[in-house]
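Enquirer: Oh and the sequence shown: position 43 is 42 in numbering that gives the first Met the number 0, straight run, nothing missing.
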Amino acid sequence: MTISDEIVLYYNPMSRARVAHWMLEEVGAPYVLDLVRFDKQEHKSDKFLAINPMGKLPAMVHRGVVVTETAAICAYLADAFPKAGLAPAIHDAARGTYYRWLFFAAGCVEPAAIDKMLARPEVERTSTIGYGTYEDTMKTLERALTPGPYILGETFSAADVYIGGQLGYGLMMKSIEPRPAFVAYQSRLSQRPAFQRFMQHADKVTAELNATA
Ligand SMILES: N[C@@H](CCC(=O)N[C@@H](CS)C(=O)NCC(=O)O)C(=O)O
Numbered sequence: 000m001t002i003s004d005e006i007v008l009y010y011n012p013m014s015r016a017r018v019a020h021w022m023l024e025e026v027g028a029p030y031v032l033d034l035v036r037f038d039k040q041e042h043k044s045d046k047f048l049a050i051n052p053m054g055k056l057p058a059m060v061h062r063g064v065v066v067t068e069t070a071a072i073c074a075y076l077a078d079a080f081p082k083a084g085l086a087p088a089i090h091d092a093a094r095g096t097y098y099r100w101l102f103f104a105a106g107c108v109e110p111a112a113i114d115k116m117l118a119r120p121e122v123e124r125t126s127t128i129g130y131g132t133y134e135d136t137m138k139t140l141e142r143a144l145t146p147g148p149y150i151l152g153e154t155f156s157a158a159d160v161y162i163g164g165q166l167g168y169g170l171m172m173k174s175i176e177p178r179p180a181f182v183a184y185q186s187r188l189s190q191r192p193a194f195q196r197f198m199q200h201a202d203k204v205t206a207e208l209n210a211t212a
């Protein structure tokens with residue numbers, strides 16, 4: 000692997016790589032998208048498995064380092080491009096709040112919403128399930144987003160990109176219920192120019208992929 004400052008995002012518009020793409024637009028760093036086609040099983044090719052043995056998107060390479068996990072990509076980019084101001088400074092106490100909700104979104108909101116989407120049966124031993132219950136998770140997220148406008152209050156951050164990605168997908172798939180705080184937050188985020196740029200591109204590539212599938 001050559002060590003390069005160029006960011007390469009292994010990408011498909013029908014995947015969580017959308018969130019990483021949105022984050023790249025937010026930080027304003029130069030990047031290239033490397034399309035990985037699911038229909039051609041490119042994500043399970045030897046070439047891609049050498050980058051991410053999970054065979055999953057997104058994966059990003061920057062300065063010779065592979066970053067996977069959408070939340071990690073968001074956090075990494077915020078730190079790598081501090082001029083964008085998308086993470087509280089390392090010694091700022093708000094960093095604790097930022098980490099809290101970023102990790103909560105990855106460790107609790109995502110599995111709660113996926114379990115709901117797949118209609119997995121609820122289990123009794125909620126104390127052993129990281130997210131406890133779906134209801135508690137959504138109530139906690141709703142409270143954290145109230146009054147907003149962002150998860151850190153007045154300041155937009157990389158945590159909003161990740162949480163916004165979770166909520167956008169969850170609301171679309173109906174695995175997250177349209178509580179007013181969620182809908183208002185989502186609509187606020189979708190007005191961001193970076194969000195609109197990535198969406199426009201994602202819609203275009205999705206249409207092209209569907210036309211050639
Ligand atoms: N924990 C990973 C999940 C990545 C993931 O599951 N990606 C899906 C697309 S959204 C994927 O690549 N699935 C293809 C497969 O597993 O075959 C993250 O948060 O980035």
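Idealized CB from N, CA, C, for every residue including glycine.
For Lys55, is the beta carbon positioned less than 6 Å from some heavy atom of ligand 1?
Expert: One-based indexing of the sequence shown puts residue 55 at position 56. True, at least one ligand heavy atom lies under 6 Å from that Cβ.
Enquirer: Does the distance from the CB of Phe145 to the CB of Ala201 come in under 7 Å?
Expert: Numbered from 1 along the sequence shown, position 146 holds the residue referred to as residue 145. Numbered from 1 along the sequence shown, position 202 holds the residue referred to as residue 201. Looking at the sequence provided, one finds Thr at residue 145 rather than Phe. The answer is no: Cβ separation not under 7 Å.
Enquirer: Can you check which of these residues, Val108, Asn11, Ile150, is closest to Pro87 by C-alpha distance?
Expert: Taking the first residue of the sequence shown as 1, we reach residue 87 at position 88. Of the listed residues, the one whose Cα sits closest to Pro87 is Ile150.
Enquirer: Tell me the rounded alpha-carbon separation between Leu56 and Leu48.
Expert: One-based indexing of the sequence shown puts residue 56 at position 57. One-based indexing of the sequence shown puts residue 48 at position 49. Straight-line Cα distance between these residues: approximately 11 Å.
Enquirer: Nearest to Tyr97 by CA position, among Ile72, Ala158, Val64, is which residue?
Expert: As a working mapping, residue 97 is identified with position 98 in the sequence shown. Checking every option, the nearest Cα to that of Tyr97 belongs to Ala158.
Enquirer: Can you pull the DSSP bridge partners for His61?
Expert: The count along the sequence shown starts at 1 and reaches residue 61 at position 62. DSSP output for His61 lists Val64 as bridge partner(s).
Enquirer: Out of Gly63, Glu68, Gln40, which one is the CA nearest neighbour of Ala16?
Expert: Within the sequence shown, residue 16 is the residue found at index 17, counting from 1. For the residues Gly63, Glu68, Gln40, the minimum Cα distance to Ala16 belongs to Glu68.
Enquirer: Which of the three DSSP states is assigned to Leu32 in this structure?
Expert: The residue labelled residue 32 in the question sits at position 33 within the sequence shown. In the structure shown, Leu32 sits in a strand (DSSP, three-state: E or B).
Enquirer: Please classify Glu24: is it buried, with 16 or more other beta-carbons within 10 angstroms of its beta-carbon, or exposed?
Expert: Within the sequence shown, numbered from 1, the residue matching residue 24 stands at position 25. It counts as buried.
Enquirer: Hey, how far is the Cα of Val35 from the Cα of Glu134?
Expert: Against the sequence shown, residue 35 aligns to sequence position 36. Against the sequence shown, residue 134 aligns to sequence position 135. Cα to Cα, the separation comes out at about 36 Å.
Enquirer: Between the C-alpha atoms of Met0 and His42, what's the straight-line distance to the nearest angstrom?
Expert: Mapped onto the sequence shown, residue 0 falls at position 1. Mapped onto the sequence shown, residue 42 falls at position 43. For Met0, the pLDDT reaches just 42, beneath the cut-off of 50, and the residue's location in the model is therefore unreliable, leaving the point undetermined.
Enquirer: Mind checking which residues open and close the alpha helix (DSSP H) that includes Ile162?
Expert: Translated into positions along the sequence shown, residue 162 becomes position 163. Unbroken alpha helix (DSSP H) run through Ile162: 157–172.
Enquirer: Consult DSSP for Tyr130 and reduce its assignment to one of helix, strand or coil.
Expert: What you label residue 130 is simply residue 131 of the sequence shown in a count that begins at 1. Tyr130 falls in the coil class under three-state DSSP.
Enquirer: Would you mind sorting Met172 into buried or exposed? The rule is 16 or more other CB atoms within 10 Å of its CB.
Expert: The count along the sequence shown starts at 1 and reaches residue 172 at position 173. With fewer than 16 other Cβ atoms within 10 Å, it is exposed.
Enquirer: Would you give the residue range spanned by the alpha helix (DSSP H) that Tyr149 belongs to?
Expert: Start at 1 with the first residue of the sequence shown, and residue 149 comes out as number 150. First-last for Tyr149: undefined, no H or E at that position.
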